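Below: the structure, in structure tokens.
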Amino acid sequence: MTTAYFDELAARLREHGVPEEEVTATVGDLAAYAAESGADPLEEFGPVADFAASLTPARSGGTSEEDPDPVAETWTWTADAFQDVARLNVYGDQGWEVERIDYLGRFVSRRDPQRPLRWEYRRETAPPARHGTLAERLAPDGWEPCGSWMHFQYFKRPKAASEGPAGELDAAPAAPARSVFFGKRLYLFLAGYGLFLAALAVGWFVSRDGDPGGFPGGFFNGVLAGVVAGSLVGLACVLWGLRRRR
Amino acid sequence: MATDRRASWLKGVLDLLVLASLAEGENYGYEIAKTLAESGLGQIKGGTLYPVLNRLEEAGLVTAEFRATDRGPGRRYYTLTPQGRATLAEQGGLWLAFDESVRSVLSRGGVR
């Protein structure tokens with residue numbers, strides 16, 4: 001299924017006139033991503049024909065005056081929570097509208113190739129049960145929900161709401177080459193968290209009393225060991241999840 | 001299929017609906033979309049509404065004025081111009097005539 005999907009995708013891209021080098025690189029990246037994430041490509045990317053068309057908006061036709069519904073450019077990307085809002089606003093200003101957040105936490109974005117709007121974004125933190133109330137409160141100012149990730153809810157608004165025609169782009173820049181944005185602050189945070197866990201572990205070993213019966217150090221150290229072990233498992237899960245998101 | 005048709009119909013007439021929603025006075029984007037939704041036309045998202053408002057503004061059919069608010073980023077209020085009012089009357093009349101023709105044909109086809 002996976003091989004057949006990517007073989008057909010490659011064939012469709014060639015039909016759209018995509019150069020062979022680009023076909024090989026694109027399909028290779030997508031296949032590697034599918035293999036690494038374990039995702040079903042049909043479920044992840046959709047029907048081959050539609051996906052191929054979305055990857056080749058400029059070559060798929062539809063930009064002429066006769067066709068008012070050109071295929072929009074699509075771009076799926078992710079960023080860590082330290083920089084996601086800033087990135088959203090940078091790329092929103094280049095015409096990228098987030099349509100949803102997928103189950104991997106990635107921003108699924110599109111851009112109208114004819115009259116792209118500039119977008120601005122904001123992120124609010126609220127329990128999922130309050131997301132509806134939050135959306136209602138922000139709606140009069142033109143904010144529309146565009147996805148949520150755990151306790152984060154993201155909102156978008158076209159700049160045309162406050163700037164009028166100036167909120168449209170005359171010419172959209174090329175789509176970014178990168179799709180993953182993890183910054184130094186994320187790695188510093190993870191390193192600090194790891195050091196904290198290491199300190200806890202050292203504290204446990206230093207303070208244990210060597211009681212041959214029962215857990216070394218008694219109840220307190222047993223709890224401490226549980227916290228450390230649980231945190232290490234949690235950190236491993238976070239790192240594994242981040243690796244998946246790449 | 002039904003949803004696609006409605007979207008297509010709306011696309012052809014949304015500019016007139018926006019002009020009509022401004023006939024009684026100035027308004028801003030969110031309230032225009034809300035008025036249309038309450039009329040049974042479904043939710044008109046910002047990505048659909050603002051390009052239409054921009055085109056109307058560029059064509060001189062509406063004027064816009066940005067006003068700051070005590071809370072929030074401020075709003076852009078749209079007002080129908082005399083040219084917009086004339087266009088609404090003319091194009092709206094053509095739409096009603098088209099609607100009448102469609103109704104007539106559908107009625108002869110047994111649609112009630």
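Just so you know, the sequences run in chain order A and B. For the first sequence, full-length UniProt numbering gives the first residue as 1, with consecutive numbering after it. For the second sequence, full-length UniProt numbering gives the first residue as 1, with consecutive numbering after it. Idealized CB from N, CA, C, for every residue including glycine. These numbers were taken from a predicted model, which means no experiment stands behind them.
key: Closest Cα partner of R178 (chain A) within the set A:E36, A:A201 and A:W75   = It is A:W75 whose Cα lies nearest to the Cα of R178 (chain A).
Beta strand (DSSP E) runs contained entirely in the segment 86-117 of chain A, provided each spans 3 or more residues = Along the segment 86-117 of chain A, the beta strand (DSSP E) occurs as fully enclosed runs of 3 or more residues at 97-101 and 107-111, listed in sequence order.
message = Give me the residue from A:K156, A:D29, A:Y121 and A:E20 with the minimum Cα distance to K45 (chain B).
response = Considering only alpha carbons, the answer is A:K156.
request  = Report the neighbours of S162 (chain A) on chain B: residues whose CB is nearer than 9 Å to its CB, in chain order.
outcome  = Correct list: F66, P73, G74, R75 and R76.
Length of the line joining the Cα atoms of G62 (chain A) and A161 (chain A) = Caution is warranted here: a pLDDT of 35 is assigned to G62 (chain A), below 50, making its placement in the model unreliable, and no coordinate value can be reported.
inquiry  = How far does the beta strand (DSSP E) with K156 (chain A) in it extend, from its first residue to its last?
reply    = Element bounds for K156 (chain A): F152 to P158.
request  = Return yes when the Cβ of L49 (chain B) is within less than 8 Å of the Cβ of G74 (chain B), no when it is not.
outcome  = Cβ distance not < 8 Å, so G74 (chain B) and L49 (chain B) don't count as in contact.
ask   = Using DSSP with H/G/I as helix, E/B as strand and the rest coil, what is V111 (chain B)?
value = Here V111 (chain B) sits in coil by DSSP.
inquiry  = If I follow the unbroken alpha helix (DSSP H) through P41 (chain A), where does it start and stop?
reply    = Here the alpha helix (DSSP H) through P41 (chain A) covers P41 to F45.
key: N- and C-terminal bounds of the alpha helix (DSSP H) containing R14 (chain A)   = Where R14 (chain A) is concerned, the enclosing alpha helix (DSSP H) stretches over T2 to E15.
request  = Compute the Euclidean distance between the alpha carbons of K34 (chain B) and T3 (chain A), then round it to the nearest angstrom.
outcome  = One C-alpha to the other measures close to 47 Å.
inquiry  = Is there a C-beta anywhere in chain A that falls below 8 Å from the one on L29 (chain B)?
reply    = Per the sequence shown, residue 29 (chain B) should be read as Gly rather than Leu. With 8 Å as the cut-off, G29 (chain B) counts as an interface residue toward chain A.
Those runs of the alpha helix (DSSP H) which lie wholly inside the segment 145-206 of chain A and span at least 4 residues = Within the segment 145-206 of chain A, the complete alpha helix (DSSP H) runs of at least 4 residues are 160-163.
task = Using a Cβ cut-off of 8 Å (strictly closer), state whether G47 (chain B) contacts chain A.
result = At least one chain A Cβ lies under 8 Å of G47 (chain B).
Chain-ordered neighbours of D141 (chain A) on chain B, where CB pairs are closer than 7 Å = Here the neighbours are G72 and P73.
inquiry  = For the beta strand (DSSP E) containing R76 (chain B), name the first residue and the last one.
reply    = R76 (chain B): member of the beta strand (DSSP E) spanning R75 to L80, first to last residue.
request  = Can you give me, in chain order, the residues of the segment 104-115 of chain A that have a beta carbon less than 7 Å from any beta carbon in chain B?
outcome  = Here the close residues are R115.
task = Consult DSSP for V62 (chain B) and reduce its assignment to one of helix, strand or coil.
result = DSSP, reduced to helix, strand and coil, places V62 (chain B) within a strand of the structure shown.
ask   = Shorter than 8 Å from the beta carbon of E38 (chain B) to some beta carbon of chain A?
value = Taking Cβ atoms only, chain A never reaches closer than 8 Å to E38 (chain B), which makes this a no.
inquiry  = Once DSSP output is grouped into helix, strand and coil, what is the label at R71 (chain B)?
reply    = In the structure shown, R71 (chain B) sits in coil (DSSP, three-state: anything other than H, G, I, E or B).
message = Given this structure, state the Cα-to-Cα distance separating L186 (chain A) from R6 (chain B), to the nearest angstrom.
response = If you take the alpha carbons of L186 (chain A) and R6 (chain B), they lie about 46 Å apart.
query = Looking at the C-beta of G167 (chain A), does it have a partner C-beta in chain B at a distance below 8 Å?
reply = With 8 Å as the cut-off, G167 (chain A) counts as an interface residue toward chain B.
request  = Run down chain A in chain order and give the residues with a C-beta less than 9 Å from the C-beta of P51 (chain B).
outcome  = Chain A residues near P51 (chain B): D112, R115, L117, P158, A160 and E168.
ask   = With 16 other CB atoms within 10 Å as the buried threshold, where does V102 (chain B) fall?
value = Around the Cβ of V102 (chain B), a 10 Å sphere holds fewer than 16 other Cβ atoms; the residue is exposed.
task = Closer than 7 Å by C-beta to R246 (chain A): which residues in its own chain qualify, once you throw out the five before and the five after it? Chain order, please.
result = Interpretation of R246 (chain A) is limited by its pLDDT of 44, a score under 50 that renders its predicted location unreliable; the figure taken from the coordinates is listed afterwards. Cβ within range, chain order: V180.
message = Considering Cα atoms alone, identify which of B:G72, B:R71, B:D70 and B:L53 is closest to A64 (chain B).
response = Ranking B:G72, B:R71, B:D70 and B:L53 by Cα distance to A64 (chain B) puts B:L53 first.
Identity of the residues DSSP links to N27 (chain B) by a beta bridge = According to the DSSP secondary-structure assignment, N27 (chain B) is paired through a beta bridge with B:Y78.
task = Could you tell me whether any Cβ in chain B is nearer than 8 Å to the Cβ of E44 (chain A)?
result = Output row for E44 (chain A): interface = no.
query = When you check each C-beta in the segment 125-151 of chain A against every C-beta of chain B, which residues fall closer than 8 Å?
reply = From the segment 125-151 of chain A, only A139, P140, D141, G142 and E144 have a Cβ closer than 8 Å to chain B.
request  = Could you spell out where the beta strand (DSSP E) holding R123 (chain A) opens and where it closes?
outcome  = R123 (chain A) -> beta strand (DSSP E) spans W119 to T125.
ask   = Does E26 (chain B) come within less than 8 Å of chain A when only Cβ atoms are used?
value = E26 (chain B) is outside the set of residues whose beta carbon lies under 8 Å from a beta carbon in chain A.
inquiry  = Please report whether the beta-carbon of E21 (chain A) lies at a distance below 8 Å from any beta-carbon of chain B.
reply    = Answer no: the Cβ-Cβ gap between E21 (chain A) and chain B never drops below 8 Å.
query = So does the segment 82-89 of chain A actually touch the segment 124-132 of chain A, counting three or more Cβ pairs closer than 8 Å?
reply = Short answer: they don't touch.
task = Within the same chain, show all residues whose beta-carbon is closer than 8 Å to that of V227 (chain A), passing over the 5 residues directly before and after it, in chain order.
result = Excluding residues up to 5 positions away in sequence, L200 lie with their Cβ nearer than 8 Å to the Cβ of V227 (chain A) in the same chain.
ask   = According to the Cβ coordinates, are A166 (chain A) and D112 (chain A) closer than 8 Å?
value = At a Cβ-Cβ threshold of 8 Å, A166 (chain A) and D112 (chain A) do not count as neighbours.
ask   = Closer than 7 Å: is that where the CB of G46 (chain A) sits relative to any heavy atom of the ligand FMN?
value = With respect to the ligand FMN, the structure shown offers nothing to examine, as it has no ligands at all.
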